[in-house]
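If you count the sequence shown from 1, position 124 lands on 124 in our numbering, and the numbers rise without skipping. Below: the structure, in structure tokens.
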Amino acid sequence: MRSVGGFSLEKTEITALKDMENLVKPGADDANVSSSKLSTVLIIWKCFEGGENRLHVELGSALLKLVKNVTESTVLKYALARMEELLPDGLRLRKRMVYFVPEGSSVDAAPFLRMVRNDTGYMQYAASHLLALFLTYDCHQSGFMAATVSDTMDTKLKSMSAMKMGAASSSQSDPSRSNVTRAAVASMMVLLRFEKARVVFVKQGGVAPVVELLQNSQNRAQLAYELTFILWTLTFCHEAIEKFAAVKALDVVVQQVTSAPREKVVRVALEALQNLLGKLSGYFNERMIDSGLLKTLNNMRERKWTDEDITKSIQAIRDVLIREYKELNTMERYEKELRTGDLNWGLLHTDKFWKDNFMTFENKEFELIRLLIDLLESDDSKTVAVALFDLGEFVRFYPNGKHIVKRLGAKKVAMKLMTHENAEVQKQALQCISKMMVNKWEFVNSYRYLACATHNQFSIHSTGIMAMTKAELLKHLQRVAQGATPRKALNSIHVRTIVDETLDVWTQSLRETGTASFHGLGRFTVDKKTGDIKFKASSLLLDKLSGDVSSSAKDRRDSDDEA
């Protein structure tokens with residue numbers, strides 16, 4: 001027995017280490033095992049597996065003692081590298097694991113957890129990977145170390161949470177953060193192959209960090225593959241399925257199929273989607289259809305894939321979704337989506353859908369319209385924007401629709417949303433309110449415009465409402481002046497606007513005084529009775545449109561401003 005740094009190695013353990021090192025060429029203590037040493041590793045194991053079982057145990061015991069008792073980084077890197085060589089992540093793992101962890105016993109996780117928490121680079125990665133291997137071995141034993149797995153999961157998730165907001169950018173410029181992610185994700189890929197570990201992972205709140213990391217994994221195909229692989233393993237866990245719906249994991253997996261960074265990413269993403277078919281009473285089927293996955297799969301069928309599993313998965317998923325699509329009419333699909341409280345742009349949110357189905361919404365005293373109005377209070381900006389669009393389309397097509405939504409309280413909520421922090425919500429709120437203000441849609445044509453202004457945007461409705469900046473409005477008027485309408489039309493563009501509840505200075509002035517200038521383009525005047533507005537273009541604008549800005553034009557502008 002020899003004492004080393006406060007602990008002892010048995011003679012047999014020292015002999016086992018020496019025997020192994022005699023087979024390793026100089027430089028074997030390097031942490032990263034290169035491809036040139038693969039033959040050496042095979043020789044080691046040929047001798048290792050050909051010897052007596054006692055020698056196997058002695059070597060495993062010696063390496064574990066080094067990890068547990070030594071703090072010198074060089075020694076630890078040596079021990080970790082040797083253990084990674086001797087414990088391949090594959091079919092032979094269980095056979096070789098008994099040399100490190102005799103049957104009926106468990107590995108001491110503490111030294112590995114210490115390195116996972118405190119070290120960086122190779123030591124952190126190797127300790128994380130080896131601990132995952134030891135814990136998966138324990139998954140096969142009756143005394144599964146749930147507490148250790150929970151502690152390990154907690155450590156990994158903290159590492160992943162620290163990285164998730166900057167996975168796509170920061171980690172590339174910060175190697176230490178990239179290593180944290182690499183270590184956490186690699187070990188999760190090992191652990192989550194086993195059901196008990198998946199349950200612990202879900203209970204620890206592990207699904208959301210993985211989804212968020214995957215959302216930010218652009219241009220990092222290997223990371224995308226590993227994270228998608230983790231989500232695939234979780235599709236076999238009943239406890240994870242509801243979490244998938246809550247954190248919108250399906251949308252992220254579909255995105256991996258659509259973007260197709262690598263074939264292996266597409267393959268595992270399709271396998272995950274295939275496992276989700278039919279789950280939660282068909283919820284995931286509906287989400288796949290609404291996300292446009294069918295169109296993506298149709299396009300993918302035309303492509304030649306080297307991996308035949310991809311072709312099989314494409315066909316299997318497509319067959320199910322086509323059958324589902326035919327069984328449900330559009331209104332049934334719309335109602336299902338509406339009741340989830342999560343709206344997404346798609347075929348169910350277009351003017352064609354509303355033109356075909358608007359009368360159906362009067363059923364049960366406009367129950368679906370009431371649900372739409374409730375969604376205006378959602379925390380999800382996309383859902384709010386889609387709900388505003390749908391309410392506006394209901395108003396546009398349903399007879400007396402604007403009075404119905406006003407009676408149900410939609411107008412007040414939509415007014416408040418015009419100052420929402422999200423630009424898309426602002427735009428949809430503006431358009432929704434505009435539609436509520438129109439009396440006769442047939443009079444809204446190329447000569448009569450529906451216009452609303454809030455902050456620095458100006459929205460004009462002709463064949464469809466579109467947001468226009470000041471510069472875009474100027475270009476639009478210029479096109480009108482160059483032949484679309486007589487030049488005199490510039491002095492009498494008839495528009496209609498909602499002038500209350502907007503915060504822009506000119507709109508506030510328009511409401512209070514009945515007149516206001518608009519950023520030097522001209523002046524609006526409002527008819528208090530009808531709400532009609534006339535826009536009188538400034539002389540400077542007229543000269544700009546004609547391409548002739550002169551000093552006389554400047555004088556005319558000054559006189560207009562004084563007036």
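For every residue, glycine included, the Cβ atom is placed at its ideal position computed from N, Cα and C.
Taking the alpha-carbon positions, what's the residue i to residue j distance?
{"i": "residue 116", "j": "residue 187", "result": "11 Å"}
{"i": "residue 406", "j": "residue 332", "result": "26 Å"}
{"i": "residue 232", "j": "residue 302", "result": "25 Å"}
{"i": "residue 375", "j": "residue 341", "result": "7 Å"}
{"i": "residue 119", "j": "residue 223", "result": "21 Å"}
{"i": "residue 267", "j": "residue 294", "result": "16 Å"}
{"i": "residue 25", "j": "residue 182", "result": "Low confidence applies here, because residue 25 scores a pLDDT of 40, under 50, leaving its location unreliable and the question unanswered by this model."}
{"i": "residue 226", "j": "residue 264", "result": "10 Å"}
{"i": "residue 112", "j": "residue 132", "result": "10 Å"}
{"i": "residue 347", "j": "residue 192", "result": "37 Å"}
{"i": "residue 98", "j": "residue 106", "result": "10 Å"}
{"i": "residue 121", "j": "residue 180", "result": "8 Å"}
{"i": "residue 412", "j": "residue 377", "result": "12 Å"}
{"i": "residue 272", "j": "residue 371", "result": "32 Å"}
{"i": "residue 299", "j": "residue 345", "result": "20 Å"}
{"i": "residue 261", "j": "residue 221", "result": "6 Å"}
{"i": "residue 305", "j": "residue 276", "result": "23 Å"}
{"i": "residue 310", "j": "residue 259", "result": "15 Å"}
{"i": "residue 416", "j": "residue 425", "result": "11 Å"}
{"i": "residue 102", "j": "residue 134", "result": "11 Å"}
{"i": "residue 110", "j": "residue 63", "result": "15 Å"}
{"i": "residue 128", "j": "residue 219", "result": "25 Å"}
{"i": "residue 114", "j": "residue 204", "result": "20 Å"}
{"i": "residue 358", "j": "residue 433", "result": "18 Å"}
{"i": "residue 278", "j": "residue 422", "result": "35 Å"}
{"i": "residue 350", "j": "residue 215", "result": "27 Å"}
{"i": "residue 312", "j": "residue 399", "result": "49 Å"}
Residue i by DSSP, collapsed to three states: which one?
{"i": "residue 232", "result": "helix"}
{"i": "residue 260", "result": "coil"}
{"i": "residue 109", "result": "coil"}
{"i": "residue 32", "result": "Low local confidence applies: a pLDDT of 44 at residue 32 is under 50, so the model's placement there is unreliable, and no value is given."}
{"i": "residue 280", "result": "coil"}
{"i": "residue 72", "result": "coil"}
{"i": "residue 325", "result": "helix"}
{"i": "residue 359", "result": "helix"}
{"i": "residue 348", "result": "coil"}
{"i": "residue 375", "result": "helix"}
{"i": "residue 401", "result": "helix"}
{"i": "residue 194", "result": "coil"}
{"i": "residue 291", "result": "coil"}
{"i": "residue 311", "result": "helix"}
{"i": "residue 237", "result": "coil"}
{"i": "residue 134", "result": "helix"}
{"i": "residue 87", "result": "coil"}
{"i": "residue 188", "result": "helix"}
Do residue i and residue j have their C-beta atoms within less than 8 Å of each other?
{"i": "residue 189", "j": "residue 236", "result": "no"}
{"i": "residue 245", "j": "residue 198", "result": "no"}
{"i": "residue 269", "j": "residue 257", "result": "yes"}
{"i": "residue 80", "j": "residue 96", "result": "no"}
{"i": "residue 353", "j": "residue 330", "result": "yes"}
{"i": "residue 420", "j": "residue 429", "result": "yes"}
{"i": "residue 68", "j": "residue 108", "result": "yes"}
{"i": "residue 217", "j": "residue 251", "result": "no"}
{"i": "residue 126", "j": "residue 84", "result": "yes"}
{"i": "residue 343", "j": "residue 387", "result": "yes"}
{"i": "residue 397", "j": "residue 364", "result": "no"}
{"i": "residue 136", "j": "residue 194", "result": "yes"}
Return the chain-ordered list of same chain residues with a C-beta closer than 7 Å to the C-beta of residue i, the five sequence neighbours on each side being excluded.
{"i": "residue 297", "result": "314, 317, 318"}
{"i": "residue 368", "result": "335, 338, 361"}
{"i": "residue 395", "result": "401, 402, 405, 435, 436"}
Using 10 angstroms around the beta-carbon of residue i, count the other beta-carbons present and answer buried if the total reaches 16, otherwise exposed.
{"i": "residue 206", "result": "buried"}
{"i": "residue 393", "result": "buried"}
{"i": "residue 409", "result": "exposed"}
{"i": "residue 418", "result": "buried"}
{"i": "residue 308", "result": "exposed"}
{"i": "residue 379", "result": "exposed"}
{"i": "residue 390", "result": "buried"}
{"i": "residue 60", "result": "buried"}
{"i": "residue 238", "result": "exposed"}
{"i": "residue 72", "result": "exposed"}
{"i": "residue 141", "result": "Residue confidence is low: residue 141 scores 49 on pLDDT, short of 50, so the model does not pin down where it sits. No coordinate-derived value is stated."}
{"i": "residue 74", "result": "exposed"}
Excluding the five sequence neighbours on either side, which residues of its own chain have a C-beta within less than 8 Å of the C-beta of residue i, listed in chain order?
{"i": "residue 324", "result": "282, 285, 286, 289"}
{"i": "residue 185", "result": "160, 213, 223, 226, 227, 230"}
{"i": "residue 211", "result": "231, 247, 248, 249, 252"}
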